[in-house]
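Working notes, structure below.
Protein chains in written order, with the numbering used here: chain U, 1119 to 1204; chain B, 46 to 239.
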């Protein structure tokens, strides 16, 4: 395998690891592995911080709304009607 | 393990009220983020709950009701709204599935978008960027980042393998970064690093 292919493989592995950690689905070992790598790789460190800030922004800016007033009642009435037809 | 059973009519309504109705707000939010229309979202939620009631015997008590409902909603959305939409499905799956190839990992998107820039963006800009993504890409970001589903749950909701969930999510995030970068430059945020 040439050097360029090795770099590509390394980058893929980092991308996958980074995603797992950002999404809270990494094992403790994978966490450690990423931490170890981030101390040595500036590109991945920037990528990590950027991805994390985008995820945080999505969560803080796009707040869930309540469902419209009356929707729950409409649904429950329909269900009661359906149930009483049986 | 969950238990699958045939419910009596009275139990059906109890299960429906206890297990399904608490998710109505999450369902409405998901429906709205898919349809981007309040009336369509309301219709979609109603349809989903009616289907959930009709197929309640295939719901296993003790399993994840929210994921089960999301799956029904997503399928209803695909059946109703995507068919109606004149817009062709823009997702190029070939492109999605092969994100681990050398071209996409070498995409150097991050160098021109800075953490500080992202932090300066306001809610409307973030929302618009998300909404501008094709619905398949938007969906994985909604499910993962806003609803907090695991990859495994997402795979079940979307009927796709976990590997595809992860590659689609990666691609979706790169597209979102591109959009955010465009917003940032159109709003005149300057990248300090030149």
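In this text, a Cβ means the ideal position worked out from N, Cα and C, and glycines have one as well.
Please report the Cβ distance between residue i and residue j, rounded to the nearest whole angstrom; I am assuming they are in contact, meaning their Cβ atoms lie under 8 angstroms.
i: residue 183(B); j: residue 78(B); result: 7 angstroms
i: residue 114(B); j: residue 178(B); result: The Cβ separation is near 23 angstroms, so there is no contact.
i: residue 1152(U); j: residue 69(B); result: That pair is no contact at about 38 angstroms.
i: residue 1143(U); j: residue 80(B); result: Their Cβ separation, rounded to whole angstroms, is 29 angstroms, which puts residue 1143(U) and residue 80(B) out of contact at 8 angstroms.
i: residue 52(B); j: residue 101(B); result: 6 angstroms
List the residues of chain U that residue i touches, going by C-beta distances under 9 angstroms, in chain order.
i: residue 168(B); result: 1175, 1178, 1179, 1180, 1181
i: residue 191(B); result: 1176, 1177, 1180, 1182
Kindly list, in the order they appear in chain B, the residues whose Cβ is closer than 9 angstroms to that of residue i.
i: residue 1200(U); result: 95, 98, 99
i: residue 1196(U); result: 91, 94, 95, 98
Buried or exposed: where does residue i fall if 16 or more other Cβ atoms within 10 Å of its Cβ makes it buried?
i: residue 1187(U); result: exposed
i: residue 1150(U); result: exposed
i: residue 150(B); result: Per-residue confidence for residue 150(B) stands at a pLDDT of 45, beneath the threshold of 50, marking its modelled position as unreliable; no derived number is given.
i: residue 170(B); result: buried
i: residue 165(B); result: exposed
i: residue 19(B); result: For chain B, the structure presents residues 46 to 239; residue 19(B) sits outside this window and is missing.
i: residue 211(B); result: buried
i: residue 240(B); result: It is not possible to answer for residue 240(B), since the shown part of chain B is limited to 46 through 239.
i: residue 1154(U); result: exposed
i: residue 74(B); result: buried
i: residue 1198(U); result: exposed
i: residue 203(B); result: buried
i: residue 181(B); result: buried
i: residue 162(B); result: buried
i: residue 1156(U); result: buried
i: residue 207(B); result: exposed
i: residue 1124(U); result: exposed
i: residue 1165(U); result: buried
i: residue 167(B); result: exposed
i: residue 1121(U); result: exposed
i: residue 135(B); result: Bear in mind that the predicted position of residue 135(B) carries a pLDDT of just 48, short of 50, making it unreliable; the figure below should be weighed with that in mind. It counts as exposed.
Starting from the beta carbon of residue i, find every residue of chain U whose beta carbon is closer than 8 angstroms, and list them in chain order.
i: residue 112(B); result: Within 8 angstroms Cβ-Cβ: nothing; residue 112(B) doesn't reach chain U, min ~15 angstroms.
i: residue 58(B); result: 1197, 1198, 1201
i: residue 218(B); result: 1169, 1172
i: residue 175(B); result: 1176, 1180
Please list the partners that residue i has in chain B, where partner means a Cβ-to-Cβ separation under 8 angstroms.
i: residue 1168(U); result: 155, 158, 159, 160, 163, 222
i: residue 1186(U); result: 73, 83, 87
i: residue 1137(U); result: 211, 214, 215
i: residue 1143(U); result: 195, 196
Using a cut-off of 7 angstroms between C-beta atoms, extract the partners of residue i located in chain B.
i: residue 1190(U); result: 66, 69
Whose Cβ in chain U lies nearer than 7 angstroms to the Cβ of residue i?
i: residue 171(B); result: 1175, 1176, 1179, 1180
i: residue 61(B); result: 1197
Please confirm whether any heavy atom of the ligand NAP lies closer than 6 angstroms to the CB of residue i.
i: residue 207(B); result: Absence of the ligand NAP is noted for the structure shown, with no ligands found whatsoever.
Determine, using beta-carbon pairs with one atom in the region 1171-1188 of chain U and one in the region 184-201 of chain B, whether at least three such pairs fall under 8 angstroms. yes
So does the region 59-74 of chain B actually touch the region 90-108 of chain B, counting three or more Cβ pairs closer than 8 angstroms? yes
The region 118-125 of chain B / the region 1131-1140 of chain U touching (three or more Cβ pairs under 8 angstroms): no
Is the region 1188-1204 of chain U close to the region 87-105 of chain B, with three or more CB pairs under 8 angstroms? yes
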